[in-house]
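Asker:
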Amino acid sequence: MMVTLVNSIFGPNGALSLAHALSGALVLVSFMMLYQDRLSAVINVLALHSAVLGLAVAWQAWIQAEPQLYITAVIALGFKAMIIPLALHRIVRRLNIHREVEAAVGIGLTMLAGMGLVALSLVVMLHTAAHSAVLAREDVALALATILLGMLMMIARRNAVSQIAGFMSLENGLILAAAGAEGMPLVVEISVTFSIVIAFIVIGVFLFRIRERFDTIDSTALDAFRGELQ
Amino acid sequence: MMNVATGAVDATIAIPVVSATILAMVSHWRLAARLNVFVSLATLADISLLLLSRPASNGLFLVDDLNIVFLLLNGFVGFTTSIFSAGYIAYELETGNLTPRYLRFYHAMYQSMMAGMNLALITNNLGLMWFGIELATLATVMMVGIYRTHAAVEAAWKYLILASVGIALALFGTILVYLAAEPALGAGMGAMQWTNLLHNARLLDPAMLNVAFIFLLIGYGTKAGLVPMHAWLPDAHAEGPTPISAVLSGLLLNVAIYVILRFKVLLAHSSVISEPNVLMIGTGMVTLLFAAIMLYRRRDIKRMFAYSSVEHMGIIAFAFGVGGTLGNVAGLLQMMMHSLTKSAIFFTVGHVAQAKGTQKIADIRGLTSSHPLLGWMLVVGVVAIAGLPPFGIFTSEFLLITSTFAHAPILAVVLGLGILLAFGALIGRMTTLCFGTPSPGSHPVRASKTPILLHFGIVLFGGMALPVFLYDWFAHVALLLG
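Chains as they are written, first to last, in the numbering used here: chain A, 323 to 552; chain B, 189 to 670.
(1) Return helix, strand or coil for A:Arg479, following the three-state DSSP convention.
(2) Does the separation of the CB atoms of B:Val460 and B:Asn388 fall below 9 angstroms?
(3) Would you report the Cα separation of A:Thr542 and B:Gly407, rounded to the nearest angstrom?
(4) Hey, B:Tyr367 and A:Ala521 are a contact pair by Cβ (cut 8 angstroms); roughly how many whole angstroms apart?
(5) Between A:Asp540 and the rest of its own chain, which residues show a CB-CB distance below 7 angstroms, the 5 nearest in sequence each way excluded?
(6) For a test of the three-state rule: what should DSSP assign to B:Phe623, helix, strand or coil?
(7) In whole angstroms, give me the CA-to-CA distance for B:Phe478 and B:Val647.
(8) Quick check on A:Ala341: does DSSP put it in helix, strand or coil?
(9) Quick check: the region 357 to 364 of chain A against the region 421 to 439 of chain A, are at least 3 beta-carbon pairs closer than 8 angstroms?
(10) Indicate the three-state DSSP secondary structure (helix, strand or coil) for B:Asn398 in the structure shown.
(11) If we define contact as Cβ-Cβ less than 9 angstroms, is B:Leu254 a contact residue for chain A?
(12) Measure from the C-beta of B:Asn312 to each C-beta in chain A and report whether the shortest distance is under 9 angstroms.
(13) Do the region 496 to 513 of chain B and the region 626 to 644 of chain B meet, that is, are 3 or more Cβ pairs less than 8 angstroms apart?
(14) I believe A:Ile365 touches A:Leu410 by the beta-carbon criterion, under 8 angstroms. Please report the beta-carbon distance rounded to the nearest angstrom.
(15) Does DSSP put A:Arg360 in a helix, a strand or coil?
(16) I want to verify the contact list: residues of chain B whose CB lies under 8 angstroms from the CB of A:Glu504, in sequence order.
(17) Does chain A have any CB closer than 9 angstroms to the CB of B:Ser352?
(18) According to DSSP, which residues form a beta bridge with B:Asp488?
(19) From B:His631 to B:Thr283, what distance separates their C-alpha atoms?
(20) Would you give the residue range spanned by the alpha helix (DSSP H) that B:Glu427 belongs to?
(21) Name the chain B residues that come within less than 8 angstroms of A:Glu493, Cβ to Cβ?
(22) What first and last residue would you give for the alpha helix (DSSP H) that runs through B:Leu307?
(23) What separation, rounded to the nearest whole angstrom, lies between the Cα atoms of A:Arg415 and A:Ile405?
(24) Comparing the C-beta of A:Gln382 with each C-beta of chain C, is any distance below 9 angstroms?
(25) Just grab the DSSP bridge partners of B:Phe249 for me.
(26) Comparing C-alpha positions only, which one of B:Gly361, B:Ile615, B:Pro243 and B:Pro371 sits nearest to B:Ile256?
(27) Return yes when the Cβ of A:Ala343 is within less than 9 angstroms of the Cβ of A:Gln382, no when it is not.
(28) Give a yes or no on whether the C-beta atoms belonging to B:Met301 and B:Gly354 are separated by under 9 angstroms.
(29) Skipping 5 residues on each side, what residues in its chain have a beta carbon closer than 8 angstroms to that of B:Met377?
(30) Would you check if the distance between the CB atom of A:Val413 and the CB atom of A:Val524 is smaller than 9 angstroms?
(31) Quick check: what's the CA-CA separation for A:Ile397 versus A:His420?
(32) Is it right to say A:Thr326 is buried, meaning 16 or more other beta carbons lie within 10 angstroms of its own, or is it exposed?
(33) Which bits of chain A does B:Gly315 rub up against, with CB to CB less than 8 angstroms?
(34) Could you tell me whether any Cβ in chain B is nearer than 9 angstroms to the Cβ of A:Phe489?
(35) Within the 9 angstroms Cβ cut-off, does B:Val329 reach chain A?
(36) CB B:Ala400 to CB B:Ala339, shorter than 9 angstroms?
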């Protein structure tokens with residue numbers, strides 16, 4: 323029993339199925355992020371998202387025998403799954419924005435759009451990547467789904483913190499794609515660069531107390547900011 | 189001689205990086221501003237060395253006919269902007285808009301941005317290209333927000349978020365290019381080297397390349413300000429310090445287009461059939477028309493010229509989409525002339541805004557009477573950017589319209605309509621800004637005329653007598669672009 327289980331995971335096809343399961347889990351967690359209605363819940367889901375990414379990348383490091391990918395996995399598990407969520411929780415407390423996530427698009431509609439995006443990315447990528455290795459093909463398709471869901475999160479939610487969550491899940495999708503592309507160079511450097519960008523964004527929100535995305539329904543207020551009002 | 193050349197290649201990045209570190213520590217602003225001018229000149233001199241002896245490409249760097257033009261332009265405009273910047277910040281310090289503490293940061297960011305752009309231009313590695321754009325973007329984000337006003341922070345935030353998404357999509361496109369190459373070229377650095385990819389372009393998976401190009405066009409197109417991903421551009425230009433508006437419009441947009449061109453060359457030499465051209469024509473057309481219409485409603489002078497940059501990026505994307513020798517030559521010429529003209533316009537506008545104490549178009553009238561030199565320079569700039577003879581942009585737009593007319597007359601009509609719309613808006617605004625009774629409330633400013641006159645001089649020369657060798661050069665590059 324134990325032997326067959328170990329074989330099914332570590333055997334040639336098992337390696338694929340666990341990699342696919344982790345990539346699929348990432349897409350699922352992206353969906354979970356879309357229907358949260360409290361900011362602290364969004365942040366917790368983000369931590370989970372990054373943790374799943376960390377596991378997926380570590381698994382890729384193992385099956386591709388690419389030890390440097392473990393660095394990327396550690397960045398995901400340590401920086402993105404722990405430090406950033408803690409900082410975001412702090413921002414939510416400091417700025418006192420526990421209130422509900424303000425949705426620019428309703429949750430039902432967002433979920434529906436999300437399903438459409440996942441279907442789109444599977445159709446496009448599985449079709450175009452027909453000649454690639456199986457591992458890369460499915461991985462890229464699921465990664466694209468994660469990226470598009472992250473973009474959807476950024477568009478559909480108004481609050482700056484949920485936008486950061488959207489961007490980070492988008493970036494997690496990218497790292498998944500990069501790690502899944504066999505032997506792709508510079509993956510570690512890329513993940514470090516993105517961590518710097520994220521740190522930038524988080525520090526910016528904290529320093530300038532950015533609570534919301536700046537576009538409001540009240541366009542006169544917007545025009546006044548821009549000096550477009552006479 | 190070979191060693192000198194490879195040294196010069198390394199120095200295009202090393203000089204700005206080292207000087208950024210030094211400038212971050214120089215607290216005396218006047219010294220820092222001079223140092224900034226000096227190192228910018230050193231970078232320009234270093235890039236000029238590459239003209240004399242060109243090193244062979246290796247895994248990291250590549251100097252060819254395509255990027256040497258943009259490197260030179262980068263060095264030149266970076267240098268003239270540093271001269272303008274020195275005068276500009278002196279005034280900003282006097283009025284208390286900036287403090288010396290921020291200037292240390294400002295100069296360090298200026299050189300980091302130059303390093304990022306030079307890296308993106310000179311590297312042979314698709315990953316480093318992406319990194320260069322990313323570095324330049326982060327540096328400009330920090331500079332856009334430097335005034336710390338509500339509007340400046342808003343602009344910087346918007347720029348950061350949109351540019352990050354754009355850059356993320358560009359990276360996804362890069363990963364897809366790698367995946368298209370990896371089965372044929374094997375895993376590792378080789379599948380990310382541009383020269384290697386070009387050499388084996390026929391072996392790359394065409395379907396994958398096609399999808400990759402869509403992501404690259406959207407991603408880097410965000411940085412180039414192509415509609416509908418342009419939303420950050422007007423805000424960033426209007427709210428940041430004017431020297432930054434000048435380099436954003438003059439250089440960073442060009443670098444983004446250049447990166448798109450690199451990928452376009454790959455597609456042109458692979459077995460993909462002409463789809464990137466359709467995409468570029470479509471995006472360019474939409475961008476041109478949208479920006480031309482938006483030009484009419486502007487009330488802020490820097491925002492207006494920012495939309496004019498969007499318009500020109502549309503024309504450039506369109507030109508490379510049309511392709512062929514004439515289309516590509518028109519695109520390259522337009523990039524060069526727009527870069528020189530627009531940065532000179534921003535120099536002028538920066539002085540005008542300081543002289544009038546406002547950026548609102550309604551509060552600036554009759555500049556030719558109150559500030560004759562600035563007023564007339566603005567007239568020249570608008571005439572040049574609107575595409576009137578005898579300036580260089582007229583030449584490139586004329587080339588483009590005639591070559592489009594030969595292939596697709598209807599497209600040429602739409603193109604002409606867009607250019608005319610923009611022309612009307614710009615000339616209309618120019619008359620109220622520069623002529624009539626001057627508006628009250630103005631201070632004298634010490635304008636640094638030399639950079640402005642130098643830029644207009646080159647643009648005028650390019651329009652009156654485009655040197656044959658330059659045309660031959662562009663035609664040669666145009667062949668590469670396919």
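Just so you know, even glycine gets a beta-carbon here, dropped at the ideal spot from N, CA and C.
Answerer: Well, looking at it:
(1) strand
(2) no
(3) In this predicted model, A:Thr542 has a pLDDT of only 41, less than 50, meaning its place in the structure is not dependable enough to derive any value.
(4) The sequence shown places Leu at residue 367 of chain B, not Tyr. At roughly 29 angstroms, the Cβ-Cβ gap does not stay under 8 angstroms, so B:Leu367 and A:Ala521 are not in contact.
(5) Since pLDDT at A:Asp540 reaches only 35, below the 50 mark, its modelled position is unreliable, and the value read off the structure follows with that caveat. Excluding sequence neighbours, A:Asp540 sits near nothing in its chain.
(6) coil
(7) 26 angstroms
(8) helix
(9) yes
(10) helix
(11) no
(12) no
(13) no
(14) 5 angstroms
(15) strand
(16) Glu370 and Ala375
(17) yes
(18) B:Lys548
(19) 12 angstroms
(20) Trp420 to Glu427
(21) Ala356
(22) Pro288 to Ile310
(23) 16 angstroms
(24) Absent from the structure: chain C. Protein chains present are A and B.
(25) B:Thr311
(26) B:Pro243
(27) no
(28) no
(29) Gly247 and Asn313
(30) Checking the displayed sequence, the identity of residue 413 of chain A turns out to be Ile instead of Val. For A:Ile413 and A:Val524, yes; Cβs fall inside 9 angstroms.
(31) 28 angstroms
(32) Residue placement at A:Thr326 is flagged as unreliable, the pLDDT there being 49, under the threshold of 50; the coordinate-derived value follows with that caveat. Result: exposed.
(33) Pro507, Leu508, Glu511 and Ile512
(34) yes
(35) yes
(36) no
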